[in-house]
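S.K.: In this text, residue positions in the sequence shown follow this note's numbering: the first is -6, and each later residue adds one.
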Amino acid sequence: MTIKSIYGGSYLVFGAMDSSRRRMMMRDFSSWIDLDCKPYYLDSKKRGLRVIVHNGVEAEVADYIRDYLHFLRKRYFFPIRCYVHLTDNGKYRSKDKGYCFGTFFPGTKTPRRYPCIYLPAKLSSDEQTSRRCLFDLTCLLTYYFQWFFECEKDYSHRSLEIEATKAGNYLVNEYLKALN
-6 MTIKSIYGGS YLVFGAMDSS RRRMMMRDFS SWIDLDCKPY YLDSKKRGLR VIVHNGVEAE
54 VADYIRDYLH FLRKRYFFPI RCYVHLTDNG KYRSKDKGYC FGTFFPGTKT PRRYPCIYLP
114 AKLSSDEQTS RRCLFDLTCL LTYYFQWFFE CEKDYSHRSL EIEATKAGNY LVNEYLKALN
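Written out as structure tokens, the structure is:
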């Protein structure tokens, strides 16, 4: 079974695989694309993650986040280019007039704009703060994959949030284990 992406092109839907292989490949969160599946997602000319560091972000913090993104690139494929902006803002205004600590803007087909993630990159020596920053980034990247597969149509907002939380906890734990 295939689906159409927002940019055109057909992609394999993992529901077509047997469930044991799917669980093994997707590690309990289905939106992320393992490198094994890369040949199915090569339609877009510009792929991957790009990091843009804004003025005011410490070099040590930017390197820490780049290392984490490098870890993710080794495991997963990003089929459409996504820009990750590291800013020195503390928080962003959300759609519901509240505040959030990072935001995802989906891409558009015309004019062609690629998806962007804005993340405040303020870390302290406190391990919880560093972990929270990586967790927020992973959740925002999960939203990127959910946008790519147009999951909003098929799943409730709550189930998408649960998937993002699972992915965030799992990947940050794996990264921290790999560091030790």
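C-beta: ideal position from N, C-alpha, C; glycine also.
1. Spell out a yes or no on whether the region 161 to 173 and the region 95 to 109 are touching, meaning 3 or more CB-CB pairs, one atom from each, closer than 8 Å.
2. Going by C-alpha distance, which of Pro72, Glu51, Lys67, Pro113 is nearest Leu79?
3. For Ala171 and Leu65, what's the separation of their Cα atoms in angstroms?
4. Sort Cys30, Lys146, Leu130, Leu35 by Cα distance to Ile73 and report the nearest one.
5. Thinking C-alpha only, which one of Thr158, Lys146, Asp129 is nearest Leu62?
6. Under the rule that 16 or more other beta-carbon atoms within 10 Å means buried, what is Glu156, buried or exposed?
7. Could you pull out every residue in the same chain whose Cβ sits closer than 7 Å to the Cβ of Phe71, ignoring the five residues on either side in sequence?
M.R.: Considering the structure as presented:
1. no
2. Here residue 79 corresponds to residue number 86 of the sequence shown, with the count starting at 1. The candidate whose alpha carbon is nearest that of Leu79 is Pro113.
3. Residue numbering aside, residue 171 sits at position 178 when the sequence shown is read from its first letter. Residue numbering aside, residue 65 sits at position 72 when the sequence shown is read from its first letter. Taking the straight line joining both Cα atoms gives about 12 Å.
4. Locating residue 73 in the sequence shown gives position 80, counting from the first residue. Of the candidates Cys30, Lys146, Leu130, Leu35, the one whose C-alpha sits nearest the C-alpha of Ile73 is Leu35.
5. What you label residue 62 is simply residue 69 of the sequence shown in a count that begins at 1. The shortest Cα separation from Leu62 among Thr158, Lys146, Asp129 belongs to Asp129.
6. Residue numbering aside, residue 156 sits at position 163 when the sequence shown is read from its first letter. Buried, since its Cβ has 16 or more Cβ neighbours within 10 Å.
7. Position 78 of the sequence shown, counted from the first residue, corresponds to residue 71. Cβ neighbours of Phe71 beyond the five flanking positions: Arg40, Gly41, Leu42.
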